[in-house]
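Report on the following structure.
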Amino acid sequence: MIHYVKAWILALGLILTPAAAMAQDALPAAPGAEAAPAAASVDAEAPAAEAAPVSGLDPALYTPMKPTEGVGMPVDKGIDFQPQVSETGKEAKWINNAILLPIMTAICLFVLVLLFWVMIRFRRGANPEPSKTTHNTFIEIVWTVVPVLILLVIAVPSISLLAKQFEPAPEDALTVKVTGYQWYWGYSYPDNGDFEIISNMLPEDEAKARGEPFQLAVDNRMVIPVGKPVKMLITGADVIHSFAIPAAWFKLDAVPGRINEKVLQIDEVGVYYGQCSELCGARHGFMPITVEVLPEDKFNDWVRANGGTVKGDDAAEAESDDEVAEEAAAETASDETTTEGAPADAAAAAN
Ligand SMILES: [Cu+2]
């Protein structure tokens, strides 16, 4: 009897050891609670009590766009890829639907027909004296060459697509640095004053209130301009995450201690959802991704709403700086005229 009890205790111990070893910290009380201070730092001026504005940003500059039903999100009973909004995505979906699926279907049907033919035509009843043939050079050449040709037909478009997906970003690409945290995302914009957006999943009631899908909607979205290449620098802060947007055919691992780079270009304005795609701990399923793609001027307004800088604004600032400098120069000149005739060492001291 004791022997059995001992065996059970040992077995239970063995089962539970990995769970204990891999256990994560206790879950945060509410999604978003953990990152709230960081999010608050983004718009520190906004009074904390003012919970009403949808984004917490100046509504004159930015209001979150409503997603289009069925675009950029999964649909019930869907079996196809999401509608693609990037060039590589469209090409990849075409390769799947126009090349891979027909080839797979044809091969499966061909093998099925061969099997049935063998089972019926060469069954013992119909074929009591089996043939003793062991080799047929012609058939052997055919079943070697035909698969090679099929693989070549698949390889040409798929390898060129692979290369296209990892082409380096052009010089003028906007840079966005994506950091995966346990369990939320951070997006920083080094070209726009290096502000960081902290993005947490919305609770169910808030997602519904905003007309967004629960478990895909976030409080602060990643926003990018439409039709422009974005150089995505992706890293992880703690464990490996994976940044994925199915509608843009985009997925790249976020690995601590290294930066993965890939170009993201979305050619249609809209809201596109994704999820962390690498098991990263207890709340892995609750760190969704929302990308909002806006025309460039609206994107710039969003940057301004977040306290970031826009390239055009820099030029305007520089111009006003020039004016200030000119005024200052004029003042100095008038000062010089008034100090004319003063001793040279006094002028030098003034300088
Ligand atoms: Cu993750």
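In mature numbering (1 follows the signal peptide of the UniProt record, and there is no 0), the protein residues as written are -23 to -1, 1 to 328. Note that beta-carbon positions come from the ideal geometry of N, C-alpha and C, so glycine has one too.
- In the same chain as Ser176, and ignoring 5 residues on each side of it, the C-beta atoms closer than 8 Å to its own belong to Tyr161, Trp162, Gly163, Tyr164, Val195, Asp196, Asn197, Arg198, Met199, Ile266 and Thr267, in chain order.
- Between the C-alpha atoms of Thr111 and Ile80 there is a straight-line separation of about 29 Å.
- Residue environment for Cys253: buried (at least 16 other C-beta atoms within 10 angstroms of its C-beta).
- Buried is the label assigned to Ala184, since at least 16 other Cβ atoms lie within 10 Å of its Cβ.
- Annotated three-state conformation of Met50 is coil, per DSSP.
- Note that the region 216 to 226 touches the region 48 to 67; at least 3 beta-carbon pairs, one per stretch, sit closer than 8 Å.
- Arg235 and Trp94 have their C-alpha atoms spaced approximately 56 Å apart.
- Taking 3 residues as the shortest admissible run, the region 226 to 276 contains the following complete beta strand (DSSP E) segments, listed from N- to C-terminal end: 227 to 231, 237 to 241, 247 to 252 and 265 to 271.
- Three or more beta-carbon pairs drawn from the region 201 to 221 and the region 233 to 251 are found closer than 8 Å, and the two stretches are therefore classed as touching.
- For Phe172, the three-state secondary structure derived from DSSP is strand.
- Rounded to the nearest whole angstrom, the C-alpha separation of Ala140 and Phe276 is 29 Å.
- For Gly188, the three-state secondary structure derived from DSSP is coil.
- Around the C-beta of Trp71, fewer than 16 other C-beta atoms lie within 10 Å, and the residue is accordingly described as exposed.
- For Met264, the distance from the CB to the nearest heavy atom of ligand 1 is below 7 Å.
- Under the 10 Å beta carbon count, Val52 is surrounded by fewer than 16 other beta carbons and is classified as exposed.
- Cβ neighbours of Thr156 within its own chain (closer than 6 Å, five residues either side excluded): Gly163, Thr212 and Ala214.
- Bridge pairing for Lys43: absent [DSSP].
- Selection Asn169, Glu255, Ala69 and Val48 evaluated against Ala132 yields Ala69 as nearest (Cα-Cα).
- Between Val203 and Leu271, the gap from beta carbon to beta carbon is short of 8 Å.
- Separation of the CB atoms of Val153 and Ile201 is rounded to 7 Å, and the pair is thereby assigned contact status at 8 Å.
- The Cβ-Cβ distance between Met178 and Met50 does not fall below 8 Å.
- Distance from the C-beta of Cys85 to the nearest heavy atom of ligand 1 is not below 7 Å.
- Distances between the C-beta of Gly157 and the heavy atoms of ligand 1 include at least one below 7 Å.
- In this structure, the alpha-carbon of Met42 lies about 45 Å from that of Cys85.
- Ranked by how close their Cα comes to the Cα of Ile56, the residues Asn73, Pro44 and Asn283 have Asn73 in first place.
- In this structure, DSSP gives Ile56 a state outside helix and strand, which the three-state scheme calls coil.
- For His112, the Cβ stays outside the 7 Å cut-off from all heavy atoms of ligand 1.
- Sorting Val287, Lys228 and Ile136 by C-alpha distance to the C-alpha of Asp171 places Val287 at the top.
- For Ile211, the enclosing beta strand (DSSP E) starts and ends at Val207 to Gly213.
- Residue pairing for Trp162: DSSP places it in a beta bridge opposite Gly157 and Ser176.
- Beta-bridge partners of His112 (DSSP): none assigned.
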